[in-house]
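For the sequence shown, the numbering used here gives the first residue as 116, with consecutive numbering after it. Cβ coordinates follow ideal geometry from the N, Cα and C atoms, glycine included. No experiment lies behind these values; they were computed from the predicted model shown.
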Amino acid sequence: MNPSPAQRWLPAFAAAGLLGTVVIAGVAMGSGNGDESSGTTEPVASLVTDESGLTAPASTQPVVETVQTSAPVKKTKLDRTLVDGVVGKDVKRVQRRLTELGFWPGPADGVYGSQTIKAVWAYEKLVLGTERSLATGQVTPAMWNKMQDEIVIQPRRPDSTPNHVEIYLPEQVLIIFHDDEPQMITHMSSGTDEEWCEEVTISPGEYGNEDGEEPLVRGECGISLTPGGVFEVYRQVEGVRQSALGGMWDPVYFNYGIAIHGAINVPLQPASHGCIRVSQSISPDMQDLMTNGDQVFVWDGVEEPEFYGAQLPVFNWLDPDYETTTTSTTTTTTTT
116 MNPSPAQRWL PAFAAAGLLG TVVIAGVAMG SGNGDESSGT TEPVASLVTD ESGLTAPAST
176 QPVVETVQTS APVKKTKLDR TLVDGVVGKD VKRVQRRLTE LGFWPGPADG VYGSQTIKAV
236 WAYEKLVLGT ERSLATGQVT PAMWNKMQDE IVIQPRRPDS TPNHVEIYLP EQVLIIFHDD
296 EPQMITHMSS GTDEEWCEEV TISPGEYGNE DGEEPLVRGE CGISLTPGGV FEVYRQVEGV
356 RQSALGGMWD PVYFNYGIAI HGAINVPLQP ASHGCIRVSQ SISPDMQDLM TNGDQVFVWD
416 GVEEPEFYGA QLPVFNWLDP DYETTTTSTT TTTTTT
């Protein structure tokens, strides 16, 4: 896979002196001093070089394996293709099987809705190797037959913290592992790699508005990059959070202002300002499954995470062309 423009120039940019400009340029990406579940400090970032001090394993085990059993697996047949809006016992069987494997299709209620579709997206991309733009969110009879195999989903980095997160940007899939067992496998949406300038709203207590009593409105610019690398969860906030990168539900921060968080819009393609979006309906459970100190591995499809270490984000800067209009006290719900 060819690196994106942002990925090609970021290592040189960081190595040239980004660490020296964090205080000046870090307009929006810091941790802030808001209502935290645990008082921790910002992570220490390393330079983006091939001398990060971390070593990738000599070989990486496949995430998905099909186990051969001595006795044949008893399978049921699907008589139709399951699509958005259909209901029935066959839908319930698919929802239960997805849940057994670690995906999150929602309750096994027999209703084929948006959360089940997102779980099928994740299954298609992770297990079947479907290109993300070609994922349908539908379960065909052939797919259901494959889904009933003895499928094992395992981490690429088993020798990490007991609980850890693996994020695969090419596939747009996130997995939370506890003792190498998948607890949550979900579709996600990451940064678009595009430059942006817009008016942002920063809640009181958030970085850049730590001592404010009203939301702060100003113009900022940034690059919507989700850096690859090895990080740690260092801060969590329950409920809604409004930052310079946008609105977040139940954010779990792992790289300055970049967090895994719930969002209303989690499309097939990358769509965020750099954060990792998951469905808002599962964000409280997602947060409950992670703890400060858990490692977070992010694969960008170019290098192994250890190549980068704790790669710095691209920090926002103030928009020089922004003109102040009126002061707003309304918190927006744009998502990062």
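Determine the extent of the alpha helix (DSSP H) in which valine 209 is found, giving its start and end residues. Against the sequence shown, residue 209 aligns to sequence position 94. 204-216 is the span of the alpha helix (DSSP H), which, as asked, contains valine 209.
Supposed close pair serine 398, glycine 377 - CB separation, criterion 8 Å: Position 283 of the sequence shown, counting from 1, holds the residue named residue 398. Position 262 of the sequence shown, counting from 1, holds the residue named residue 377. That belief holds up - the Cβ atoms of serine 398 and glycine 377 are roughly 3 Å apart, short of 8 Å.
Tell me, please, whether the stretch 379-390 touches the stretch 297-317 by the rule of three or more beta-carbon pairs shorter than 8 Å. yes
Assigned secondary structure, tyrosine 283 (DSSP; H/G/I helix, E/B strand, else coil): Residue 283 sits at position 168 when you count from the first residue of the sequence shown. Strand, per DSSP.
If you pair each beta-carbon of the stretch 402-420 with each one of the stretch 229-247, do three or more pairs fall below 8 Å? no
Taking 8 Å as the cut-off, does the stretch 361-372 touch the stretch 268-277 (at least 3 CB pairs, one atom from each stretch)? no
Please state whether the Cβ-Cβ distance between phenylalanine 422 and alanine 237 is less than 8 Å. Translated into positions along the sequence shown, residue 422 becomes position 307. Translated into positions along the sequence shown, residue 237 becomes position 122. Not a contact, by the Cβ cut-off of 8 Å.
Would you kindly work out how many angstroms separate the C-alpha atoms of tryptophan 259 and arginine 195, rounded to a whole number? Counting from 1 along the sequence shown, the entry for residue 259 is found at position 144. Counting from 1 along the sequence shown, the entry for residue 195 is found at position 80. Cα-Cα distance, rounded: 10 Å.
Ignore the nearest five residues each way along the sequence and tell me which others in valine 137's own chain have a CB closer than 6 Å to its CB. Walking along the sequence shown from the start, residue 137 turns up at place 22. Residue confidence is low: valine 137 scores 37 on pLDDT, short of 50, so the model does not pin down where it sits. Its coordinate-derived value is still stated next. If we look at valine 137 and ignore the five residues flanking it on each side, it has no Cβ neighbours.
Distance, alanine 250 Cα to leucine 383 Cα: For the purposes of this step, residue 383 is taken as residue 268 along the sequence shown, with counting starting at 1. For the purposes of this step, residue 250 is taken as residue 135 along the sequence shown, with counting starting at 1. The alpha-carbon atoms of leucine 383 and alanine 250 are separated by roughly 8 Å.
Note down the Cα distance separating tyrosine 464 from phenylalanine 412, rounded to an integer number of angstroms. Residue 464 is absent from the structure shown; the chain starts at 116 and stops at 451.
Give, in chain order, every unbroken run of the beta strand (DSSP E) that is at least 3 residues long and sits entirely within the stretch 258-304. 266-268, 278-283, 288-293 and 296-302
On the criterion of 16 or more Cβ atoms from any shown chain inside 10 Å, does threonine 175 qualify as buried, or is it exposed? Counted from its first residue, the sequence shown places residue 175 at position 60. With fewer than 16 other Cβ atoms within 10 Å, it is exposed.
Three-state secondary structure (DSSP) of tryptophan 364: Within the sequence shown, residue 364 is the residue found at index 249, counting from 1. Here tryptophan 364 sits in strand by DSSP.
What number of angstroms, rounded off, separates the C-alpha of isoleucine 317 from the C-alpha of glutamate 325? Mapped onto the sequence shown, residue 317 falls at position 202. Mapped onto the sequence shown, residue 325 falls at position 210. Roughly 9 Å separates the two Cα atoms.
What are the boundary residues of the beta strand (DSSP E) that includes threonine 219? If you number the sequence shown from 1, residue 219 lands on position 104. The residue you asked about is not threonine; residue 219 is tryptophan in the sequence shown. Unbroken run through tryptophan 219: none, as it is neither H nor E.
Unbroken alpha helix (DSSP H) run spanning threonine 231, endpoints: Locating residue 231 in the sequence shown gives position 116, counting from the first residue. Here the alpha helix (DSSP H) through threonine 231 covers 229-241.
Ignore the nearest five residues each way along the sequence and tell me which others in lysine 189's own chain have a CB closer than 6 Å to its CB. Mapped onto the sequence shown, residue 189 falls at position 74. Nothing listed; no residue qualifies.
What three-state label does DSSP hand serine 339 in the structure shown? Counted from its first residue, the sequence shown places residue 339 at position 224. The answer is coil: DSSP assigns serine 339 none of H, G, I, E or B.
Simplified DSSP assignment, three categories, for arginine 247: For the purposes of this step, residue 247 is taken as the residue at position 132 of the sequence shown. Three-state result, arginine 247: helix.
Could you pull out every residue in the same chain whose Cβ sits closer than 6 Å to the Cβ of valine 288, ignoring the five residues on either side in sequence? As a first step, residue 288 must be located in the sequence shown, where it is residue number 173. Excluding positions up to five away in sequence, the list reads Ala237, Lys240 and Leu241.
Quick test of the definition: if touching needs 3 or more C-beta pairs under 8 Å, does the stretch 281-297 touch the stretch 426-435? no
Please tell me whether valine 179 and isoleucine 268 are closer than 8 Å, where the distance is taken between their beta carbons. Sequence index remark: in the sequence shown, residue 179 carries index 64 (1-based). Sequence index remark: in the sequence shown, residue 268 carries index 153 (1-based). Yes.
Which residues mark the beginning and the end of the beta strand (DSSP E) in which phenylalanine 412 is found? By one-based count along the sequence shown, residue 412 stands at place 297. Segment 410-414, the beta strand (DSSP E) holding phenylalanine 412.
Does the beta carbon of glutamate 313 sit closer than 8 Å to a beta carbon anywhere in chain B? Absent here is chain B; the protein component of the structure consists of one chain.
What three-state label does DSSP hand serine 398 in the structure shown? The residue you call residue 398 lines up with position 283 of the sequence shown. Correct three-state label for serine 398: helix.
Give the straight-line distance between the Cα atoms of proline 220 and glycine 334, rounded to the nearest whole angstrom. Within the sequence shown, numbered from 1, the residue matching residue 220 stands at position 105. Within the sequence shown, numbered from 1, the residue matching residue 334 stands at position 219. About 38 Å.
Quick check on the burial criterion: 16 or more other C-beta atoms within 10 angstroms. Buried or exposed for aspartate 294? As a working mapping, residue 294 is identified with position 179 in the sequence shown. Exposed is the call here.
Which residues in the same chain have their Cβ closer than 6 Å to the Cβ of leucine 213, if we skip the five residues on either side of it in sequence? As a position in the sequence shown, residue 213 is number 98, starting the count at 1. Pro220 and Ala234, listed in sequence order.
May I ask you to report which of helix, strand or coil DSSP gives phenylalanine 369? Numbered from 1 along the sequence shown, position 254 holds the residue referred to as residue 369. Three-state DSSP puts phenylalanine 369 in a strand.
Using the beta-carbon count (16 or more within 10 Å), is asparagine 431 buried or exposed? Sequence index remark: in the sequence shown, residue 431 carries index 316 (1-based). Buried, by the Cβ-count rule.
For cysteine 312, which beta-bridge partners are listed by DSSP? Looking up residue 312 in the sequence shown gives position 197. Answer by DSSP bridge pairing, in chain order: Cys336.
Beta-carbon proximity of glutamine 253 to valine 198, cut-off 8 Å: Stepping through the sequence shown from its first residue, residue 253 is reached at position 138. Stepping through the sequence shown from its first residue, residue 198 is reached at position 83. Yes, the Cβ-Cβ distance between glutamine 253 and valine 198 is below 8 Å.
What are the boundary residues of the beta strand (DSSP E) that includes phenylalanine 346? What you label residue 346 is simply residue 231 of the sequence shown in a count that begins at 1. Start and end: 344-347.
Since glutamate 180 is in the beta strand (DSSP E), which residue starts that stretch and which ends it? For the purposes of this step, residue 180 is identified with residue 65 of the sequence shown, where counting begins at 1. It spans 179-181 - the beta strand (DSSP E) in which glutamate 180 sits, taken as one unbroken run.
Alpha carbon of serine 339 to alpha carbon of glutamate 314, nearest angstrom: Translated into the one-based positions of the sequence shown, residue 339 becomes position 224. Translated into the one-based positions of the sequence shown, residue 314 becomes position 199. Taking the straight line from one Cα to the other gives about 15 Å.
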